[in-house]
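Enquirer: Quick one: structure below, then a few questions.
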Amino acid sequence: MTADNIKRKSIIPVSESSVLRFNILSRKFCEITSRGAKTIPAYEFLMEEADKINEKLNDLIDNDNEVGVDEVNNDQDANMNDNSENNVVQDERLPEEDFIEDPDIANSKGRPRQRYKTIREQIAEQESYHCSHCGRTDHTFPTCPFKHIEFDLPRKKKRKV
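Using the UniProt record's numbering, read the sequence shown as starting at 1 and increasing by one per residue.
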């Protein structure tokens, strides 16, 4: 696909979406850096050019900011002169920038890092207290309200050591 075909098929104008501009620039520079990292001369060339591009970009952004501030000041002066009778000043709002954040980290597939515990280990971790007389978990034997009633609960067998 050529660049002309891509331009004709674009649905969203590049001038309206800063996210789209970011994605296009990212893809283009990823391709350039992948080719430039293959040899040392290409790497050195790209590093020098990247510094030059960065300096020119900073100058361009600084010039745009200065021109934008001058235009806003001139517009406010004109508005104040026009609206001096009503003393109404309109708020000039600069276009808001979209902030692109890092994506969320997804859970990796496969077996979890920690080992699976046996049922015996899971039960030992629970440390559930229960009454040895009636088997309920809301109290223990010393506070059992059913001491006067006889229960035929299965007793634990003692292990031979």
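Even for Gly, the Cβ is constructed at its ideal location relative to N, Cα and C. Keep in mind that this is a model prediction, so the values were computed, not measured.
Take every Cβ of the region 45-61, pair it with every Cβ of the region 26-37, and state whether three or more of those distances are shorter than 8 Å.
Expert: Yes, since at least three Cβ pairs between the region 45-61 and the region 26-37 fall closer than 8 Å, the two stretches touch.
Enquirer: Whose C-beta lies closer than 8 Å to the C-beta of Phe151 among residues of the same chain, with five residues either side of it excluded?
Expert: Within the sequence shown, residue 151 is the residue found at index 151, counting from 1. Hits under 8 Å: His133, Cys134 and Gly135.
Enquirer: In the structure shown, what three-state DSSP assignment does Arg120 receive?
Expert: Here the question's residue 120 lines up with position 120 in the sequence shown. It is helical.
Enquirer: How is Lys56 classed by DSSP in three states: helix, strand or coil?
Expert: Taking the first residue of the sequence shown as 1, we reach residue 56 at position 56. Of the three classes helix, strand and coil, the one that applies to Lys56 here is helix, per DSSP.
Enquirer: From Gln126 to Gly110, what does the alpha carbon distance come to, in whole angstroms?
Expert: Here residue 126 refers to the residue found at position 126 when the sequence shown is read from its first residue. Here residue 110 refers to the residue found at position 110 when the sequence shown is read from its first residue. Using only the alpha carbons, I get a separation of about 27 Å.
Enquirer: Helix, strand or coil for Tyr129, going by three-state DSSP, please let me know.
Expert: Translated into positions along the sequence shown, residue 129 becomes position 129. The answer is coil: DSSP assigns Tyr129 none of H, G, I, E or B.
Enquirer: Since His148 and Thr137 are thought to touch, with beta carbons under 8 Å apart, how far apart are those beta carbons, to the nearest angstrom?
Expert: Taking the sequence shown and counting its residues from 1, the one referred to as residue 148 is at position 148. Taking the sequence shown and counting its residues from 1, the one referred to as residue 137 is at position 137. Not really, about 20 Å apart at Cβ, beyond 8 Å.
Enquirer: When you compare only the Cα positions, how much space is there between Asp62 and Ala42?
Expert: Residue numbering aside, residue 62 sits at position 62 when the sequence shown is read from its first letter. Residue numbering aside, residue 42 sits at position 42 when the sequence shown is read from its first letter. When rounded, the distance between both Cα atoms is 30 Å.
Enquirer: Assuming residue 182 contacts Phe29 under a Cβ cut-off of 8 Å, what Cβ separation, rounded to an integer in Å, is found between them?
Expert: Outside the displayed range of the chain (1 to 161) lies residue 182, so it cannot be described from this structure.
Enquirer: Can you find the residues in the same chain that come closer than 8 Å, C-beta to C-beta, to Ile24, ignoring five residues on each side of it along the sequence?
Expert: Taking the sequence shown and counting its residues from 1, the one referred to as residue 24 is at position 24. Closer than 8 Å at the Cβ level, and outside the excluded window around Ile24, lie Val14.
Enquirer: Specify, as a first and last residue, the run of the alpha helix (DSSP H) that Gly36 falls within.
Expert: The count along the sequence shown starts at 1 and reaches residue 36 at position 36. Per DSSP, Gly36 belongs to the alpha helix (DSSP H) from Ser18 to Gly36.
Enquirer: For Glu66, which three-state DSSP category applies?
Expert: Here residue 66 refers to the residue found at position 66 of the sequence shown. If DSSP states are grouped into helix, strand and coil, Glu66 belongs with the helices.
Enquirer: Could you compute how far the alpha carbon of Asp64 sits from the alpha carbon of Ile40?
Expert: As a working mapping, residue 64 is identified with position 64 in the sequence shown. As a working mapping, residue 40 is identified with position 40 in the sequence shown. Near 36 Å, if we compare the C-alpha coordinates of Ile40 and Asp64.
Enquirer: Cα separation between Lys56 and Tyr116?
Expert: Walking along the sequence shown from the start, residue 56 turns up at place 56. Walking along the sequence shown from the start, residue 116 turns up at place 116. Roughly 57 Å separates the two Cα atoms.
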